[in-house]
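J.: Would you mind keeping the following structure in view while I ask a few things?
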DNA sequence: CCCTTTCGAGAGAGCGCTCTCTCAGCCGAC
DNA sequence: GTCGGCTGAGAGAGCGCTCTCTCGAAAGGG
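Residue numbers (UniProt numbering), protein chains in the order written: chain A, 1 to 331; chain B, 1 to 331.
Put into structure tokens, the structure is as follows:
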């Protein structure tokens, strides 16, 4: 009781296997009545092409890997960003009938697995989400002669086209907003300095502060809520008179708000807070969080398009998307 | 400049293709020195087996589909549950060297796509996450003669083994806690009644209220934060004297807390609140949310094991995991 | 009316692998 | 010394599909 093959379809329709194949693949050089006969046979037999046989000869698989190269327990489940990227990329790939193979590359052993898998030709291309500077995967994959694109600029210089948002510009937007509101002592909770987002957002902060003749007050977190709370306490200890803080992502900003509340500071009256990312939760904090929005969905979509472009021999130029300040009540 | 084939490996090692294949697949009937010669050839050539050719003959693909059958915009990105399930399932499948193909089946057209894909034999089995009663996918997939398991009991009776938590028992735990605390007017914000979780949690609530001689006060939400806020306002309108509310999931509970705050009710002094799910955010609400925890990671892991068991001809019995009350400050 | 062009359909050679069948060689046993 | 059994290796048939090449027939031009 096997599945019907193209051979069976051809036999039933009274044509050759080649002709049946032509119909299945939508070639136009088939006479209408023959085409109909084949389609009828396909329908009656419930024929579905065998993808393994097909990709054996075409050398294509019509699926792409989405590699999330982060310790999954920490980032993946907590940060809604990942779900959004995965969802948007899936939706976009669906439109061109390609599948997403999801791979989590957390440990060194899974790195090896991913490499082997990609090298095996299971997929036509790779979308890589990796923010850590120390990550060896971008370099390893770029050596594999498989089309690779990255969500976010790779932290190490490597020849992979990427789609990113304007982290520096976004941070500048945020800090300029605080300056314009007359804040004098503007601190920042920076992200990890081995991540591009962490670096660039700190750069933006520094640039604006320098230009507006203010002193920088920096604490460093690791993009988790908890680290934001800790960093905020530290900042308050370092400079009890600070009147604003730019936090490099919303998750840490939520933690910072918590610490400010515990320290008896009113937001925004005593301390103004601006975050970065505009995650869902930013709307529901007390008070609602002013933050820098970057177009996650568009970025994911652009990444998919970039990869599809690569398949066709298109250009491999990075794409940078603009950011936007969303003013709520926290600043 | 093609990739090396098994033929090339065999030639270099001076053996037949069959012997090279034996080495690659770890068969023991190969003499040590020949085995070493083959391994050396593999290493020198950088040989990686072609998965399409292999699965053409073995009829296996070593990958499984994870089908998320929900309108993705609404549930997927907002509910951290999904990320956790996806992550846990991926990690578990990694241990047996199988890949996850992620498929979002939101619209009718994507349902068809998923069906075609599964029918095409792209994957060895399917893990289905579908909570909606009206969803035709579980029934469709169960007809396909492919091993299928479900995360959560399918809403329509269909012959698919599943892994679920004890929704009824969990709700009873929550409501009994409120009764024990001396609450008299215990309302509930139920989930959608076309979802199993929605139904069962309401059943649990009703059972305990009946047994403890209290009147039930019900509003229905759709598991989103927003709907929780709306339902809470409605409940306060219906019965301003209510002193407790059991909310069928944490996301709605967060919305409910917001409405309670806006209505000037203190939690838990005026109104006690118990949620369900124990999502990350439950720890960070004002006040921290008392809720029913169910083991999401374990459930996902059990689902994978169930599917792997099916591959080996194992039993197809549903698995029900216990729930646990996490007491924080809201009740 | 014949030859060339075009169009539609078939034949058949692979794609790279697994796996059964076959067989050579070597051992021990009678 | 011969024979049976067993181990290790090769030959070769497919898995189901695509795609080039070939060819017949119909159509059009000289």
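Note that the Cβ used here is the ideal one computed from N, Cα and C, for glycine as well.
(1) In the region 111-135 of chain B, which residues sit with their C-beta less than 8 Å from some C-beta in chain A, listed in chain order?
(2) Going by beta-carbon coordinates alone, are residue 144/A and residue 69/A separated by less than 8 Å?
(3) Within the 8 Å Cβ cut-off, does residue 94/B reach chain A?
(4) Using 8 Å as the threshold, is the C-beta distance between residue 52/B and residue 126/B below it?
(5) How big is the Cα-Cα spacing for residue 55/A and residue 63/A?
(6) Taking a Cβ distance cut-off of 7 Å, strictly less, list which residues of the UniProt domain "HTH lacI-type" (4-58) of chain A are near chain B, in chain order.
(7) List in chain order: all unbroken alpha helix (DSSP H) runs of 4+ residues lying wholly within the region 218-304 of chain A.
(8) How about the region 232-243 of chain B and the region 177-189 of chain B: do they share at least three Cβ pairs that are nearer than 8 Å?
(9) Let me know the beta strand (DSSP E) ranges lying completely inside the region 35-102 of chain B, each 3 residues or longer, listed in chain order.
(10) Drop a sphere of 10 angstroms on the beta-carbon of residue 213/B, count the other beta-carbons inside from all chains shown, and report buried for 16 or more, exposed for fewer.
(11) Return the bridge partner residues of residue 165/B from the DSSP annotation.
(12) I'd like to know whether the C-beta of residue 260/B is nearer than 8 Å to at least one C-beta of chain A.
(13) Measuring only from the beta carbon, is residue 315/B closer than 7 Å to any heavy atom that is part of the ligand NAD?
(14) Can you round the beta-carbon distance between residue 302/B and residue 276/B to whole angstroms, since I take them to be within the 8 Å contact cut?
(15) For residue 363/A, which residues in chain B fall below 9 Å Cβ to Cβ?
(16) Does the distance from the C-beta atom of residue 296/B to that of residue 91/B stay below 8 Å?
(17) Please confirm if residue 143/B has its CB atom under 8 Å from at least one CB of chain A.
(18) Shorter than 8 Å from the beta carbon of residue 223/A to some beta carbon of chain B?
(19) Closer than 9 Å, Cβ to Cβ, to anything on chain B: give me those residues from the region 301-318 of chain A, in chain order.
(20) Can you grab the Cα-Cα spacing for the pair residue 317/B / residue 134/A, in whole Å?
(21) Any idea which residues DSSP pairs residue 150/B with across the strands?
(22) From which residue to which residue does the alpha helix (DSSP H) around residue 139/A run?
(23) With DSSP as the reference, label residue 207/A as helix, strand or coil.
(24) Nearest by alpha-carbon distance to residue 139/A: which of 123/A, 120/A and 114/A is it?
(25) With a threshold of 7 Å on Cβ separation, who are the neighbours of residue 229/A within its own chain once the five nearest residues in sequence on each side are excluded?
(26) Does the distance from the CB of residue 111/B to the CB of residue 105/B come in under 8 Å?
T.: In terms of the structure at hand:
(1) 113, 116, 117, 119, 120, 121 and 122
(2) Counted from its first residue, the first chain places residue 144/A at position 144. Counted from its first residue, the first chain places residue 69/A at position 69. No, these two residues do not count as a Cβ contact at 8 Å.
(3) Here residue 94/B refers to the residue found at position 94 when the second chain is read from its first residue. It does: the Cβ of residue 94/B has a partner Cβ on chain A nearer than 8 Å.
(4) For the purposes of this step, residue 52/B is taken as the residue at position 52 of the second chain. For the purposes of this step, residue 126/B is taken as the residue at position 126 of the second chain. Not in contact: residue 52/B and residue 126/B (Cβ atoms no closer than 8 Å).
(5) Here residue 55/A is taken as the residue at index 55 of the first chain, counted from 1. Here residue 63/A is taken as the residue at index 63 of the first chain, counted from 1. Going by the C-alpha atoms only, they are around 11 Å apart.
(6) 48, 49, 50, 51, 52, 53, 55 and 56
(7) 225-238 and 250-262
(8) yes
(9) 63-68
(10) Counted from its first residue, the second chain places residue 213/B at position 213. Exposed is the call here.
(11) Reading the second chain from its first residue, position 165 is the one you call residue 165/B. Residue 165/B is bridged to 321/B.
(12) Residue mapping note: residue 260/B aligns to position 260 of the second chain, counting from 1. No, its Cβ sits nowhere closer than 8 Å to a Cβ of chain A.
(13) Ligands are entirely absent from the displayed structure, and the ligand NAD is therefore not among its contents.
(14) As a position in the second chain, residue 302/B is number 302, starting the count at 1. As a position in the second chain, residue 276/B is number 276, starting the count at 1. Actually they do not touch by this definition, with Cβ atoms about 19 Å apart.
(15) A question about residue 363/A goes unanswered here, because the residues of chain A that appear run from 1 up to 331.
(16) As a first step, residue 296/B must be located in the second chain, where it is residue number 296. As a first step, residue 91/B must be located in the second chain, where it is residue number 91. It is not a contact, given that the beta carbons lie outside the stated cut-off.
(17) By 1-based counting over the second chain, the position of residue 143/B is 143. Chain A, which has no Cβ nearer than 8 Å to the Cβ of residue 143/B, makes this no.
(18) Reading the first chain from its first residue, position 223 is the one you call residue 223/A. Judged by the 8 Å Cβ criterion, residue 223/A is not in contact with chain B.
(19) none
(20) For the purposes of this step, residue 317/B is taken as residue 317 along the second chain, with counting starting at 1. For the purposes of this step, residue 134/A is taken as residue 134 along the first chain, with counting starting at 1. C-alpha separation (whole angstroms): 45 Å.
(21) As a working mapping, residue 150/B is identified with position 150 in the second chain. According to DSSP, which records beta bridges pairwise, residue 150/B is partnered with 128/B and 162/B.
(22) As a position in the first chain, residue 139/A is number 139, starting the count at 1. From DSSP, the alpha helix (DSSP H) with residue 139/A extends over 137-142.
(23) Mapped onto the first chain, residue 207/A falls at position 207. Residue state, collapsed to three classes: helix.
(24) Indexing the first chain from 1 puts residue 139/A at position 139. When each option's Cα is compared against that of residue 139/A, the closest is 114/A.
(25) Here residue 229/A refers to the residue found at position 229 when the first chain is read from its first residue. So the list reads 255, 256, 258 and 259, once near-sequence residues are dropped.
(26) As a working note, residue 111/B is residue 111 in the second chain. As a working note, residue 105/B is residue 105 in the second chain. Against a cut-off of 8 Å, the Cβ pair of residue 105/B and residue 111/B comes out as a contact.
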